[in-house]
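Residue 538 is where the sequence shown ends in the numbering used here, and the numbering goes up by one at each step.
All residues carry an ideal CB built from backbone N, CA and C; glycine is no exception.
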Amino acid sequence: MDRLDNFIAGEFTPPSAGEYLENFEPATGEVLNVVADSDERDIAAAVEAAERAFPLWSATPAEERSRLLLRVAELLEQHLEEFALAESRDTGKPLWLARTLDIPRAVRNFRFFATAILHSASELHQTDTVALNYTLRQPLGTVGCISPWNLPLYLLSWKVAPALAAGNCVVAKPPELAPTTATMLARLCQQAGLPAGALNIVHGRGNRAGAALVAHPRVRAISFTGGTHTGAEIARIAAPMFKKLSLELGGKNPMIVFEDCRFAEAVETAVKAAFSNQGEICLCGSRIFVHRRIYERFRAELITRTRSLVVGDPLDPTTQQGALISEQHLAKVASYVELARAEGGTILCGGERVHLLGRCRNGWFFAPTLIEGLAPECRVNQEEIFGPVATLLPFEDEEELIAAANGTPYGLAASVWTENLTRAHRIAERLQVGVVWVNCWMLRDLRTPFGGVKHSGIGREGGWEALRFFTEPKNVCIHLPRD
Ligand code: NAD
């Protein structure tokens, strides 16, 4: 696919301005394709198409909406290999990861919400013998879905599937750094028979197409996943317009390892949590707190395993670490390693760009990096790096641990490792985050509420939470006459 156009009213349409952005393959540094550089005119056309489609789509019986979304899931599964390859080439992530995580999860997202709407119910409140109140949950109309580049189809479908399932029409703005699978999905929706205008995809830059979507007066809700600064900017525009907002933002997640943990599993998971997808996951465990009694042993094992991670061509099945999304992001990650040195930290392994040979000689690779010796208040322990960099922090006292774990502006997720159940409950209760994993990491049940607190965002996705977000409750009160 050389040119990615917008998908509006069921058709592939060039952007109004006729301008395109270059989309690079991170593993090679070369241009992969070009993508529509849309503006407010394209957003306006997409919103109109969504509005035209809404009466039909919202009145389509749930069983039929479900059938169409299940068909999308089925087609996606049939084309899994093509999608995985496109996702890997767009983002630099290992092909096997796109094949086992990203695309299967997008399939699950469609299946999950397609079937959830067959089981949903709404509330009834009986007011003694005087009245019956029942709650209608009605779709909002046109909703905006804005997603990031790290898990492109996974996170786009996590929004689009519940929005469509609930009967809304969608204008989606995929990430400009990884737009290909969104256009491929549009093709499948066409093929599945989704009515024209139910799903519209407008590509382009965040501060142009994205901002126009947020500011459009007839877009009723914005579901956004991305950086905290962008989330703040979106809230600044959307809040005074009284739009519904769901903001899934950054994280600086603690992984907390007590002395009584299952040692081998904890080390293995710490490596996964820190470096999966090159550390470009909002849930990554980037601050690893380890009890002093096992600190030396844990650190030694962690360094050995981190050093053994294979950085290589994402298309090579032996590769464990692919390329970072852009040259600019690579420079940002490297700058944090420099900052760690300036703040007095010790680089235990990694800390530098990796130069490969052959096809990937100009790719944007960075060695998985572990740092120790930094206080919890240092910038490196406070700011989201979003790359393959994790810090190690020894602890002894539980109160100090909780203060340090909670002591960042973020509050997305945490992972706690102990065999002591009472302690696990106690720590989970006190952590200021939206998700706590005990003796695991990123184990996801799609029915559970997902999201963060503090600067990690507002609102929750997943399960009924997502269907509630994409509907408006309306109470109908029926008086019951006594005679
Ligand atoms: P980003 O905020 O730069 O971009 C995200 C999306 O928003 C892109 O599609 C972008 O084009 C768009 N955008 C940018 N500026 C905009 C504006 N002014 N108005 C409207 N849209 C705009 O984030 P990114 O660099 O693509 O992704 C990385 C960030 O996403 C990290 O901070 C990461 O933690 C976060 N993230 C969070 C979660 C979560 O579930 N909490 C999941 C994945 C990623």
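Applying the criterion that 16 or more other CB atoms from any shown protein chain within 10 Å of the CB defines a buried residue, is residue i buried or exposed?
i	result
Lys228	buried
Leu476	exposed
Pro149	buried
Thr238	buried
Cys495	exposed
Gln207	Checking the sequence shown, residue 207 turns out to be Pro, not Gln. Buried: at least 16 other Cβ atoms inside 10 Å.
Asn61	buried
Met296	exposed
Asp500	exposed
Lys529	exposed
Gly413	exposed
Ile533	exposed
Pro464	exposed
His284	exposed
Pro272	exposed
Gly73	exposed
Gln383	exposed
Thr68	buried
Less than 8 Å between C-beta atoms, sequence neighbours within five positions excluded: which residues of the same chain meet that for residue i?
i	result
Val86	Glu77, Asn78, Phe79 and Glu80
Arg537	Thr184
Ser121	Ala169, Thr170, Ile172, Leu173 and Ala220
Gly400	Ile426, Glu427, Gly428, Leu429, Cys433, Val435 and Thr446
Leu411	Val366, Gly367, Asp368, Gly418 and Phe420
Ala460	Pro309, Ile311, Arg342, Phe344, Ala469 and Leu486
Gly305	Gly282, Thr283, Cys337, Glu439, Phe441, Tyr465, Leu467, His510 and Ser511
Is any non-hydrogen atom of the ligand NAD found closer than 7 Å to the C-beta of residue i, if you look at the structure I gave you?
i	result
Ala521	no
Lys299	no
Lys228	yes
Asn530	no
Ser177	no
Trp496	no
Ala266	yes
Pro81	no
Glu382	no
Ser71	no
Cys337	yes
Arg515	no
Gly306	yes
Glu288	yes
Phe62	no
Pro203	yes
Phe441	yes
Asn255	no
Asn223	no
Leu210	yes
Leu240	no
Leu501	no
Asn88	no
Val471	no
Arg260	yes
Val444	no
Glu303	yes
Closest by CA to residue i, which one among the options?
i	options	result
Val531	Ala82, Val89, Leu59 and His180	His180
Thr359	Leu300, Pro295, Thr424 and Gly261	Thr424
Cys224	Lys327, Ala128, Ala104 and Pro234	Ala104
Ala100	Ile402, Gly252, Asn461 and Leu385	Gly252
Ala338	Thr324, Val345 and Tyr350	A small fix is needed here, since residue 338 is Leu in this sequence, not Ala. Residue Thr324 is the option with its Cα nearest to Leu338.
Asn417	Ala82, Pro69 and Ile63	Ala82
Arg154	Ala141, Leu385 and Arg166	Ala141
Asn262	Leu249, Cys244, Gly286 and Thr190	Gly286
Glu106	Ile158, Ser175 and Gly222	Gly222
Ala479	Cys316, Ala459 and Phe353	Cys316
Leu232	Lys214, Arg515 and Ser202	Ser202
Ile158	Leu191, Leu211 and Ala176	Leu211
Leu302	Val508, Thr197 and Lys387	Val508
Leu415	Pro443, Glu407 and Ala378	Looking at the sequence itself, residue 415 is Cys, so the reference to Leu does not match. The candidate whose alpha carbon is nearest that of Cys415 is Ala378.
Which partner residues of residue i appear in the DSSP bridge assignment?
i	result
Asn308	Gly340
Pro528	Arg192
His346	Phe450
Phe167	Its beta-bridge partners do not exist; DSSP assigns none.
Ile426	Ile402 and Thr446
Glu303	Thr280 and Gly512
Val392	According to DSSP, which records beta bridges pairwise, Val392 is partnered with nothing at all.
Tell me which same chain residues have a C-beta within less than 7 Å of the C-beta of residue i, skipping the five on either side of it?
i	result
Val269	Gly199, Ile277, Ile289, Ile292 and Ala293
Ala186	Cys532, Ile533, His534 and Leu535
Leu152	Asn332
Ignore the nearest five residues each way along the sequence and tell me which others in residue i's own chain have a CB closer than 6 Å to its CB.
i	result
Gly405	Ala422, Pro423 and Thr424
Ala267	Glu95 and Ile98
Ala64	Ala104, Ala251 and Gly252
Ser113	Pro194 and Gly222
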